[in-house]
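Report on the following structure.
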Amino acid sequence: MTPVTTHDIDSALAAHIATGSTDILDGLETQVWQRIEARIERARTVRMQGAALAVALVVGIVNGGIAVRHFQPSDNEMQAFSLSSSLMPLNQTEQG
-6 MTPVTTHDID SALAAHIATG STDILDGLET QVWQRIEARI ERARTVRMQG AALAVALVVG
54 IVNGGIAVRH FQPSDNEMQA FSLSSSLMPL NQTEQG
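Written out as structure tokens, the structure is:
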């Protein structure tokens, strides 16, 4: 389906007014309905894009919330050399 521009419809109406012939108006209804269908399709596309964006946002928030809640740093031997090693109980009692 080729998109119908406003110029096509306007020129058909202007030609009808100038000549008074109804032959020019034969395809006008089809062109108008094509434009209406194109607008409806564009609106449907915008709604689908908005819905996809909303779903992506919800999935990101839920995934981020779950990751933050369940992420626990693992204990390992290198913890003794970390920046917070001075806060370890053995270092505070001067035993470490």
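Each residue of the sequence shown is one higher than the one before, starting from -6 at the first, in this note's numbering.
Where a beta carbon is used, it is the ideal one built from N, C-alpha and C, also for glycine.
- In this structure, Ile54 sits away from Gln24, with a CB-CB distance that is not shorter than 7 Å.
- Between the alpha carbons of Ala5 and Glu22 lies a distance of about 11 Å.
- Rounded to whole angstroms, the separation of the alpha carbons of Leu18 and Ala11 is 13 Å.
- Rounded to the nearest angstrom, the gap between the Cα atoms of Arg35 and Ala8 is 30 Å.
- In this structure, DSSP gives Asp19 a state outside helix and strand, which the three-state scheme calls coil.
- Taken through DSSP and simplified to helix, strand or coil, Gly13 comes out as coil.
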